Amino acid sequence: MKKNSAARNLTVHHAARTVRWGTDIVALVDGLAGFVGAGAGVASAVAEGPWVVSGARGRPVLMSRVTPVRRVTTLSLEGYSTLSGVRQYAFTETLGCFPMDPAGPQRPPSDQASRPAWGEADSETYRAIAPLAVPARSEQLAVLACLIPFAANDEFGFVEIGAGAGALSATLLECFPRASGLALNGSASMRSAAALRLARFGGRARVEHFELTSTEWLSALDGCECVLSSLVLHHLDDSQKRALYGEVCARVSEGGALLIADLVHPQRAEGRELFAATWDAEARAAALALDGGDRRFEQFVNAEWNLFRHPDPVDKPSVLVDQLRWLSDAGMPVVDCFWLRAGHAIYGGYMPRAKPGGLSFERALKGAEAALSEPA
Numbered sequence: 002m003k004k005n006s007a008a009r010n011l012t013v014h015h016a017a018r019t020v021r022w023g024t025d026i027v028a029l030v031d032g033l034a035g036f037v038g039a040g041a042g043v044a045s046a047v048a049e050g051p052w053v054v055s056g057a058r059g060r061p062v063l064m065s066r067v068t069p070v071r072r073v074t075t076l077s078l079e080g081y082s083t084l085s086g087v088r089q090y091a092f093t094e095t096l097g098c099f100p101m102d103p104a105g106p107q108r109p110p111s112d113q114a115s116r117p118a119w120g121e122a123d124s125e126t127y128r129a130i131a132p133l134a135v136p137a138r139s140e141q142l143a144v145l146a147c148l149i150p151f152a153a154n155d156e157f158g159f160v161e162i163g164a165g166a167g168a169l170s171a172t173l174l175e176c177f178p179r180a181s182g183l184a185l186n187g188s189a190s191m192r193s194a195a196a197l198r199l200a201r202f203g204g205r206a207r208v209e210h211f212e213l214t215s216t217e218w219l220s221a222l223d224g225c226e227c228v229l230s231s232l233v234l235h236h237l238d239d240s241q242k243r244a245l246y247g248e249v250c251a252r253v254s255e256g257g258a259l260l261i262a263d264l265v266h267p268q269r270a271e272g273r274e275l276f277a278a279t280w281d282a283e284a285r286a287a288a289l290a291l292d293g294g295d296r297r298f299e300q301f302v303n304a305e306w307n308l309f310r311h312p313d314p315v316d317k318p319s320v321l322v323d324q325l326r327w328l329s330d331a332g333m334p335v336v337d338c339f340w341l342r343a344g345h346a347i348y349g350g351y352m353p354r355a356k357p358g359g360l361s362f363e364r365a366l367k368g369a370e371a372a373l374s375e376p377a
């Protein structure tokens with residue numbers, strides 16, 4: 002996040018030893034300043050001594066010691082930075098300067114024991130706002146479909162990691178009438194929605210439970226021709242993603258591919274601000290197209306879904322170029338990024354014997370639109 006040239010003055014209330022900025026709360030504890038946030042109480046922060054509790058979408062997250070600042074009566078908000086990966090605001094004296102990470106807020110550490118898990122409430126929110134929260138949703142589905150290294154009438158099997166409500170699996174089954182797919186998801190309500198959407202494909206589609214961070218489901222990838230994932234793998238940290246890519250390459254067929262649509266981490270603050278602004282713009286435009294108003298966009302904003310504006314311990318997107326390197330190191334001779342918009346990228350790799358194939362984009366787009374028109 003770029004330095005705020007119009008910094009606001011913040012008054013320290015010594016009785017409560019807190020400062021306020023908008024709806025956010027910053028606690029000064031033993032000379033330390035840290036972001037508490039809406040949904041977390043100042044009293045709990047003060048009670049923790051040098052520890053500060055941060056609210057992430059209303060859920061408390063314990064974070065470690067934060068940046069020491071001098072006890073002054075007026076502070077200026079110059080930007081924000083992070084320590085231990087959890088969002089906090091960086092404060093300086095009015096004429097001071099605070100060194101910020103050039104990429105702005107960083108991803109949370111993977112070993113944060115109190116990290117909140119994705120729950121059914123998140124699934125419900127996602128289903129409600131997905132038509133606008135996923136930039137160019139039908140286009141993303143079509144891009145993934147036309148990158149499959151098989152012709153329309155080829156027979157092959159695929160596994161979708163974190164299938165959500167089944168839109169991607171439905172797109173592939175629509176576009177490839179002889180394909181069969183396994184849709185994996187950890188959310189019971191998402192599995193129900195996917196089963197409803199995929200019911201018309203009969204035995205060609207299966208929906209099963211899995212836990213993303215478990216290893217028990219990996220055998221489902223053995224001999225599979227194509228592995229796909231859409232907006233799921235950012236829940237894994239860097240080391241977990243790298244390990245998963247290695248498992249996929251060890252198990253997928255020699256003629257297969259791994260194709261991913263996901264959020265990616267910007268390496269500089271300029272990129273973060275660009276991703277945040279363009280995601281908001283995409284969501285607002287989609288909301289207007291859907292019902293001619295801002296109601297759904299306000300829901301997107303209120304849910305703090307734009308993680309480039311609201312870093313969250315659940316979300317750990319990785320740098321795109323790093324992921325391409327991990328795919329290559331895992332054994333994929335051809336890796337690439339095929340699409341990028343508003344911080345959402347489509348990328349992946351092909352195994353050594355993957356043959357040229359694929360659908361036309363036009364045909365894939367028709368399949369995606371048909372899949373999205375089905376109830377879920």
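Just so you know, the numbering used here puts 173 at position 172 of the sequence shown, and the rest follows in order with no gaps. No residue lacks a Cβ here, since even glycine has one placed at the ideal position from N, Cα and C. Computed from a prediction, not measured in an experiment: that's the story for all the values here.
- Query: Taking C-beta to C-beta, are Ala168 and Ala184 nearer than 8 angstroms?
  - Reply: no
- Query: When you compare only the Cα positions, how much space is there between Val249 and Gly293?
  - Reply: 43 angstroms
- Query: Looking at the structure shown, is Asp337 part of a helix, part of a strand, or coil, going by DSSP?
  - Reply: strand
- CB of Leu222 within 8 angstroms of CB of Val253, strictly: yes
- Does the stretch 150-168 touch the stretch 179-193, meaning 3 or more C-beta pairs lie closer than 8 angstroms? yes
- Tell me whether Ile149 sits in a helix, a strand or coil according to DSSP, three-state version. coil
- Are there 16 or more other CB atoms within 10 angstroms of the CB of Ala122, so buried, or fewer, so exposed? exposed
- Nearest to His311 by alpha carbon, out of Ser170, Ala287, His345 and Glu274? Glu274
- Item | Length at least 4, wholly inside the stretch 260-328: the alpha helix (DSSP H) runs in chain order | 270-292 and 296-303
- Give the straight-line distance between the Cα atoms of Glu209 and Arg192, rounded to the nearest whole angstrom. 7 angstroms
- Going straight from the alpha carbon of Trp327 to that of Val336, what length do you get? 10 angstroms
- Task: Kindly indicate which residue of Cys338, Pro318 and Ala152 has the alpha-carbon position closest to the one of Gly381.
- Result: Since the first and last residues shown for the chain are 2 and 377, residue 381 lies out of range.
- Query: What is the DSSP secondary structure of Gly332, counted as helix, strand or coil?
  - Reply: coil
- Query: Apart from the five residues just before and just after Ala57, which ones in its own chain have a Cβ nearer than 6 angstroms to its Cβ?
  - Reply: Residue placement at Ala57 is poorly supported in this model, since its pLDDT is 34, which falls under 50; the coordinates still yield a value, given next. Asp313 and Pro314, listed in sequence order.
- Query: For Ala258, which beta-bridge partners are listed by DSSP?
  - Reply: Cys227 and Tyr351
- Query: Taking the runs of the beta strand (DSSP E) that are 3 residues or longer, which of them lie wholly in the stretch 182-225?
  - Reply: 206-210
- So, using beta-carbon positions, are Ala288 and Asp295 closer together than 8 angstroms? yes
- For His235, which residues from the same chain have a beta carbon less than 7 angstroms from its beta carbon, with the 5 sequence-adjacent residues on both sides left out? Asp263, Leu264, Asp316, Lys317 and Pro318
- Taking C-alpha atoms, which residue in Ile347, Gln324, Leu373 and Asp155 lies nearest to Leu148? Ile347
- Same chain only: Cβ atoms within 8 angstroms of Arg342, ignoring 5 sequence neighbours per side: Pro136, Ala137, Thr279 and Glu283
- Any idea if Thr216 is buried or exposed, counting beta-carbon neighbours within 10 angstroms, 16 or more meaning buried? exposed
- Beta-carbon separation (whole angstroms), Phe202 vs Leu219, contact threshold 8 angstroms: 24 angstroms between Cβ atoms; not a contact.
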